[in-house]
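The block underneath contains the structure these notes are about, expressed in structure tokens.
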Amino acid sequence: MPFLPRLAALLGGLLIAAPLWAADIDALDYGYPLSNPFEATIATTPPALRPALPADGDIEQGDYKVRLRPERQFEVPENFWSVTKLGYRLAQQDGEAPLIFIIAGTGAHYSNATMEYLKKLFYGAGYHVVQLSSPTSYDFMTAASRYATPGFSSDDADDLYRVMQAVRAQHPRLAVSEYLLTGYSLGGLQAAFVSQLDETRRSFNFKRVLLLNPPVNLYTSISNLDRLVQTRVEGIDSTTTFYELVLGKLTRYFQTQGYIDLNEALLYDFQQSAEQLSDEQMAMLIGAVFRFAAADIAFTSDLINRRGLITPVGQPIGEGTSLTPFFKRALQCDFDCYIGEQLIPMWRARHNGGSLSQLIDQVSLYALEDYLKSSDKIAVMHNADDPILGRGDLGFLRRTLGDRLTVYPLGGHCGNLNYRVNSDAMLEFFRGQAF
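Take a look at the structure:
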């Protein structure tokens, strides 16, 4: 699978004084083979160490669409009409079973590789599974978001909740014994806000909620990833771009192999070859993918809201209009730019918001500290070497969650989700066994 779509699916400091209430997994006992967090983020788990999963042909599943914002068909250009209904994927068991909603990470579609892995894992364990795109994906922003300005976690959770209710209403004959919830990366953070919202609305009464590698301080995570794109990489100059460098490495790798095979094991095998990416190259690759996600969010939000920051207001955009000039302009706007130019003004206008620091507190897990402490149905799995974590983030999780936090020593950002040890732990949690 190519690098960018694979990474698009993915996308810490320890507080030394914090008591070790959490389950900290010893590195020697853990057995995960990749000690470099960037490599783990990109290559994930060697195929031999992944769990056995059902084949696509053994899963009763289908893609569906639900209309939540009918007015959008008249508000967006015609080349967005295909996403004025929100798509999702449902895998269903033959009879009654628990249903688990999965929320994708930053900018990710419901059908990306990580979502497909999690679907197969949970379906194989006997669950109905619903896969939902991230509120930061262009399809969700267009078809389901009220303000099309993602990043204010309470609003994103409200939009997700409405989607979940609409999905359930669209399948009235689906026999559900109980509801479960999970999400990875940004989807993990949003799952926590959705769970809190459900405490008052009571549509689902989620039995268990699992957050996988969530950002703790959302702004810290964004800043960490944004800095990666600024990494200095040897071999890149005015005549050689970073992508040309990576393409050259891939070409030489396939020449050595004697064939081209873009399977899911490519990234791991590639990193074991002489053409492997350096730490700096991997950091820039991760950062570049994140920057593309930020550009997509900035462009889509500006277009739907007609703010005129990227796409001039009143300029006609049709099926034949090239979006390249607008996307190039959007690439110049990192997440700080998006927050300052679009998110904060929306937050102030609709929620009487204040300073950036106040926004950071309201959109991060800090805002849910009391709820996370008191709700024993919520657990977190995280990695000590996850590059999205900042100083004190794991300490906050330890103090807040206690033994409902499991910290793995390795895995980078979501790189070990498909490791057998992690998959077993996920299933044990949802089955109500020891975490």
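So the sequence shown is residues -22 to -1, 1 to 413, counted in mature numbering (1 follows the signal peptide of the UniProt record, and there is no 0). Even glycine gets a Cβ: it sits at the ideal position worked out from N, Cα and C. What you are looking at is a predicted structure, and each value in this text was computed from that prediction instead of being measured.
Between the alpha carbons of residue i and residue j, how many angstroms are there, rounded?
i: residue 144; j: residue 18; result: 36 Å
i: residue 388; j: residue 50; result: 43 Å
i: residue 167; j: residue 89; result: 20 Å
i: residue 156; j: residue 275; result: 34 Å
i: residue 94; j: residue 311; result: 31 Å
i: residue 150; j: residue 348; result: 35 Å
i: residue 183; j: residue 132; result: 18 Å
i: residue 239; j: residue 25; result: Its pLDDT being 44, under 50, residue 239 is placed unreliably in this model, and the value from its coordinates should be taken loosely. In a straight line, the C-alpha of residue 239 is about 15 Å away from that of residue 25.
i: residue 79; j: residue 159; result: 5 Å
i: residue 199; j: residue 309; result: 19 Å
i: residue 313; j: residue 173; result: 26 Å
i: residue 72; j: residue 41; result: 17 Å
i: residue 103; j: residue 300; result: 45 Å
i: residue 35; j: residue 332; result: 52 Å
i: residue 47; j: residue 119; result: 10 Å
With a threshold of 6 Å on Cβ separation, who are the neighbours of residue i within its own chain once the five nearest residues in sequence on each side are excluded?
i: residue 401; result: 29, 99
i: residue 343; result: 194
i: residue 206; result: 261, 264, 265
i: residue 338; result: 197
i: residue 378; result: 347, 350, 351
Below 8 Å CB to CB, which residues in the same chain sit around residue i once its five sequence neighbours on both sides are set aside?
i: residue 289; result: 277, 280, 281, 295, 304
i: residue 139; result: 172, 175, 176, 179, 181
i: residue 105; result: 71, 75, 76, 77, 78, 158, 408
Using C-beta distances below 7 Å, list every residue in its chain close to residue i, excluding the 5 sequence neighbours before and after it, in chain order.
i: residue 101; result: 32, 37, 69, 107
i: residue 260; result: 16, 17, 20
i: residue 366; result: 193, 199, 202, 203, 391
Any idea what DSSP makes of residue i, helix, strand or coil?
i: residue 155; result: strand
i: residue 329; result: helix
i: residue 162; result: strand
i: residue 12; result: coil
i: residue 275; result: helix
i: residue -2; result: Residue confidence for residue -2 is low, a pLDDT of 49 falling below 50, so the modelled location carries little weight; the figure read from the coordinates is stated next. DSSP places residue -2 in coil when its eight states are reduced to three.
i: residue 188; result: strand
i: residue 288; result: coil
i: residue 171; result: helix
Is it right to say residue i is buried, meaning 16 or more other beta carbons lie within 10 angstroms of its own, or is it exposed?
i: residue 390; result: buried
i: residue 163; result: buried
i: residue 5; result: exposed
i: residue 330; result: exposed
i: residue 306; result: exposed
i: residue 45; result: exposed
i: residue 381; result: exposed
**Continuous alpha helix (DSSP H) assignments of at least 4 residues falling wholly in the region 38 to 77** = Qualifying alpha helix (DSSP H) stretches: none in this window.
**Message:** Just to confirm the assignment: which complete beta strand (DSSP E) runs, minimum length 3, are found wholly within the region 82 to 127?
**Reply:** Counting only runs of 3 or more, we get 106 to 110.
**Request:** Output the residue ranges of the alpha helix (DSSP H) runs that lie fully inside the region 316 to 388 and measure 4 residues or longer, sorted by chain position.
**Result:** Correct list: 322 to 329, 334 to 341, 347 to 352, 371 to 379.
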